[in-house]
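First comes the structure, then the notes that go with it.
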Amino acid sequence: MGYFEKDLANNLVKKHKTNNPYELAYFLNINVVEWDLHPDILGFYKYEQNNKWIILNANASEKEKEITCCHELGHAIMHTRDNTPHLRRNTFFSVGKLEQQANLFAIELLMPDEYWHVYAKEFKTIDAIAHHTKIPEDLLLLKYQKIKGCLI
């Protein structure tokens, strides 16, 4: 059983025959660059003059960059022209839903169902899966909640 973010991720993977976020960005004409960002910022998405940019923190680990690229790719695809920092600063719009959608998209690229079932059987807990895969527990928890039907 699918949901929007999962179906979107699965369709992209099927069409382009990869779940690599850097390759998907290339196929979708989304520029991915690394900048020296503040340590608290892993990356962000920017839409400017009909160009899509994913900016990653050059000082982050390779796994952090991969996860961030997946998340920002979700923004680029689902929220193309939305500027969440602007929305946070200047409106009453809650960006929580946009962030959750990007997280759901990211976890579907990082952990398709077939991987999830293998890891869940082998490692038994979200903490153990997170330790093994280096995927944050909060993303794995979203996946678990969707699989169990606890998150709408």
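Under this note's numbering, the residues of the sequence shown are numbered 43 to 194, in order. Ideal Cβ placement from N, Cα and C applies to all residues, glycine included.
With a 10 Å radius around the Cβ and a threshold of 16 neighbouring Cβ atoms, threonine 167 comes out exposed. By the neighbour-count criterion, in which a residue is buried when 16 or more other Cβ atoms sit within 10 angstroms of its Cβ, glutamine 143 is buried. Closest in C-alpha terms to aspartate 155, from the list Trp77, His117, Lys185, comes Lys185. A distance below 9 Å separates the beta carbons of isoleucine 97 and lysine 88. Taking a contact as a CB-CB distance under 8 Å, the pair histidine 58 and glutamate 65 counts as one, their CB atoms being some 7 Å apart. Contact between isoleucine 109 and leucine 50 fails: their C-beta atoms lie close to 17 Å from each other, not under 8 Å.
Inclusion of leucine 115 and alanine 148 in the CB contact set at 9 Å is warranted, their separation being smaller than that value.
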